[in-house]
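Chemist: Got a structure for you, questions after.
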Amino acid sequence: MKRISNQEVARIIAEIGEYLDMEGVPFKPRAYEKAAKAVGDLDKSVSEIYASGGLKALEQIPGIGASIAKKIEELIKTGHLKYHDELKKKVPVDLSGLRKIEGLGPKSIKKLYEELGVKTVADLERAAKAGRVAKLEHFGAKSEENIKKGLEFLKKATGRPLLGAVLPLARRIEERLRGQKEVEKVIIAGSLRRWKETIGDLDVLVVSKKPGPVMDFFVSMPEVVRVVAHGETKSAVKLESGLNVDLRVVPAESYGAALNYLTGSKDHNVALREMALAKGWKLNEYGLFKGKKQLAGRTEEELYAVLGMDYVEPEMRENTGEIELAKKHKLPKLIGYDDLQGDLQIQTDWTDGADTIESYAKAAIERGHKYIAITDHTKRLAMTGGLDEKKIRKQWVEIDRVQKKIGAKLKILKGTECDILKDGSLDLDDETLARLDVCGVAVHSHFDLPREEQTKRIIRAIKNPNVDILFHPTGRLIGKREPYDVDMDAIIKTAKETGTILEIDAFPDRLDLKDEHVKKCVVAGVKLSIDTDAHSIAHLDFLEYGIAQARRGWAEKSDIINTRLLEAFLKLLKK
DNA sequence: GCCGTTTTCGGCCCGACTGTTTTCAGTCG
14 MKRISNQEVA RIIAEIGEYL DMEGVPFKPR AYEKAAKAVG DLDKSVSEIY ASGGLKALEQ
74 IPGIGASIAK KIEELIKTGH LKYHDELKKK VPVDLSGLRK IEGLGPKSIK KLYEELGVKT
134 VADLERAAKA GRVAKLEHFG AKSEENIKKG LEFLKKATGR PLLGAVLPLA RRIEERLRGQ
194 KEVEKVIIAG SLRRWKETIG DLDVLVVSKK PGPVMDFFVS MPEVVRVVAH GETKSAVKLE
254 SGLNVDLRVV PAESYGAALN YLTGSKDHNV ALREMALAKG WKLNEYGLFK GKKQLAGRTE
314 EELYAVLGMD YVEPEMRENT GEIELAKKHK LPKLIGYDDL QGDLQIQTDW TDGADTIESY
374 AKAAIERGHK YIAITDHTKR LAMTGGLDEK KIRKQWVEID RVQKKIGAKL KILKGTECDI
434 LKDGSLDLDD ETLARLDVCG VAVHSHFDLP REEQTKRIIR AIKNPNVDIL FHPTGRLIGK
494 REPYDVDMDA IIKTAKETGT ILEIDAFPDR LDLKDEHVKK CVVAGVKLSI DTDAHSIAHL
554 DFLEYGIAQA RRGWAEKSDI INTRLLEAFL KLLKK
């Protein structure tokens, strides 16, 4: 059997949808697009799903039916798909590559191929430079110019930026717009408001009676390198970083409906619209309407209420069951952004952190923390100057000194980020581990062990009765490193049996556990911690990303151990 | 092609903007 990645399967299915779109086939393109997204978002590999459950298991995936399941089967078995090959024969182009150029859809790509023989991005570049694109029917000088610009940006593009990279900029833009006198309200919607791990582009919503000056101000912001659209109610710009920012201006009576529409997710919105439709109403970005009469739309709360459901927090809007719960008034009460009492993973200048224990303590007090754990690396991570049994005892003396100096405002817990060795044993002896307040363990080596071995290794580590928390459980670095191959269900099961806490690492390129694992832990009754993994004082502010991740996994306050005050929190640890 | 407390057949979200058009197709979200 061929080993084919989910991404590859998703790409081929998506391409089928686009080829059908070229032909003008109705509805099927959406079905393929949905199926491709479903495969791309899967937690497990499609090959494994097929290996363990066959076609039936594939059909269980929402958005995949009998026909696409068979196609996936063929891909897994042969690495090829005849149907895809046949479609590609008609328009043999680098579809995935060309689709990355902004403004180029399937229909335009087909035309460029048929009229100019454009197959690749390089072909397109040559044709555009020679002025051949502008001569095509329905194309023109501007279309050609836009294609050239799209090509330029494609060369610089680096994929979706991290939430942590975009949020500070988004907040600056929001503040700046708030300062405009024509602006009554401003909010950033879209995936940012849902706190997705990475951000496609920014969707800004403004309430104003005079949109003109707001639009003019927006398109002339200093970061703007290109104005993509500049209309009365909608404008779009590209920033020097490559980020697209859309601005919509609506009247106050449509604010809630527009906010809902722009926040998404698309699937959540479609489900709401279908609900409206079922009642004989219509939902769009201007409101909920019965005929011409507006039933709701001024606020999101009103919109959900009139639809007969509870308000759904943006982090939950993925159409993964939240709508049903909202109708039954059974939504979880998510952990709040002010609910944490402390931070349980901090690296200091004793290893690879930048700041001293004392300066971290002061910074934590400023942020209102009640406790922090000092969790430096251990000796196997020699490059960080990892602590051995002797050196960590010296650190305890320093912690005691700082504790005495700062008094009762903050408890500094003695901790570790102890290395899990290749065989699942730990990098500090049990006697030392037993004396720690908080014992975290983590994998920093042998990322490529076979799944079974990796799983066994981690399970052995967390079965150690001294171990309290498994740090960054899957080891991924978003956009840089895949998670190691590990059976998370088995880890969660063992964590439940042993009372081990799993971490939501809030560092923006980790966010590890990810939302669906958080969900599984909540269901299993496994407790979680939210920690920054700070390597400097500034990183202490990352907690909000971890809280967002917890909320995206439907975690309540009680699921997270460091929402508790010190005494209650310590009772939840193993000893 | 997918899906089902209306349904295994007959539906499938909806609007803004651009660029090319003189009324609309394509793309995007």
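The numbering used here applies: residue 14 is where the first sequence begins, and numbers increase by one. Don't be surprised by glycine CBs; every beta carbon is placed ideally from N, CA and C.
1. Quick check on the DSSP output: the alpha helix (DSSP H) that includes residue 523 runs from which residue to which?
2. Tell me the residue span of the beta strand (DSSP E) that contains residue 200.
3. For residue 258, report the span of its alpha helix (DSSP H) as first-last.
4. Report yes if the C-beta distance between residue 515 and residue 478 is below 8 Å; otherwise report no.
5. With a floor of 4 residues, list each alpha helix (DSSP H) that falls wholly inside the stretch 294–350, ordered by position along the chain.
6. Secondary structure at residue 514, three-state DSSP: helix, strand or coil?
7. Assess contact between the stretch 237–251 and the stretch 191–210, defined as three or more Cβ pairs (one per stretch) separated by less than 8 Å. Is contact present?
8. Report buried or exposed for residue 214, applying the criterion of at least 16 other Cβ atoms within 10 angstroms of its Cβ.
9. Specify whether the stretch 360–378 and the stretch 329–337 touch according to this definition: at least 3 beta carbon pairs, one from each stretch, less than 8 Å apart.
10. Tell me the DSSP secondary structure of residue 528 in three-state form.
11. Quickly, what does DSSP pair residue 274 with across the bridge? List them, please.
12. Please report the straight-line C-alpha distance between residue 65 and residue 57, rounded to a whole angstrom.
13. Would residue 548 and residue 367 qualify as a contact pair, given that the criterion is a beta-carbon distance under 8 Å?
14. Within the stretch 116–164, note down every full beta strand (DSSP E) run reaching 3 residues or more, in order along the chain.
15. Using the rule of at least 16 other Cβ atoms within 10 Å of the residue's Cβ for burial, across every protein chain shown, is residue 396 buried or exposed?
16. If I measure Cβ to Cβ from residue 144 and keep anything under 8 Å in the same chain, skipping five residues before and after, which residues do I get?
17. What are the boundary residues of the beta strand (DSSP E) that residue 218 is part of?
18. Tell me which residue opens and which closes the alpha helix (DSSP H) that residue 543 is part of.
19. Determine the closest residue to residue 278 out of 289, 301, 216 and 265, with distance taken between C-alpha atoms.
20. From which residue to which residue does the beta strand (DSSP E) around residue 412 run?
21. Looking only at C-alpha atoms, which of 292, 19 and 221 sits nearest to residue 263?
22. Measuring CB to CB, does residue 9 end up less than 8 Å from residue 484?
23. Taking just the CA atoms, how far does residue 159 sit from residue 254?
24. How long is the line joining the alpha carbons of residue 287 and residue 301, rounded to whole angstroms?
25. On the DSSP bridge assignment, give the partners of residue 494 in chain order.
26. How many whole angstroms separate the CB atoms of residue 60 and residue 24, which I take to be in contact at a CB cut-off of 8 Å?
27. Could you pull the DSSP bridge partners for residue 252 from this structure?
28. Counting C-beta neighbours from all protein chains within 10 Å, is the total for residue 39 16 or more, i.e. buried, or is it exposed?
29. So, is residue 327 buried or exposed, given that buried needs 16 or more other C-beta atoms within 10 angstroms?
Modeler: Based on what the coordinates show:
1. Per DSSP, residue 523 belongs to no alpha helix (DSSP H) and is neither H nor E.
2. 198–201
3. Not the alpha helix (DSSP H): residue 258 falls in the beta strand (DSSP E), residues 257–263.
4. no
5. 313–319 and 335–340
6. strand
7. no
8. buried
9. no
10. helix
11. Note: residue 274 sits in no beta bridge, so no partner.
12. 11 Å
13. yes
14. none
15. exposed
16. 157
17. 215–220
18. First-last for residue 543: 541–544, but that is the beta strand (DSSP E), not the alpha helix (DSSP H).
19. 216
20. Looking at the DSSP string, residue 412 is not in any beta strand (DSSP E); the run it does join, the alpha helix (DSSP H), is 402–419.
21. 221
22. Summary: the structure shown does not reach residue 9, with the chain confined to residues 14 through 588, and so no result is reported for it.
23. 18 Å
24. 12 Å
25. 490
26. Not really, about 15 Å apart at Cβ, beyond 8 Å.
27. 237
28. exposed
29. buried
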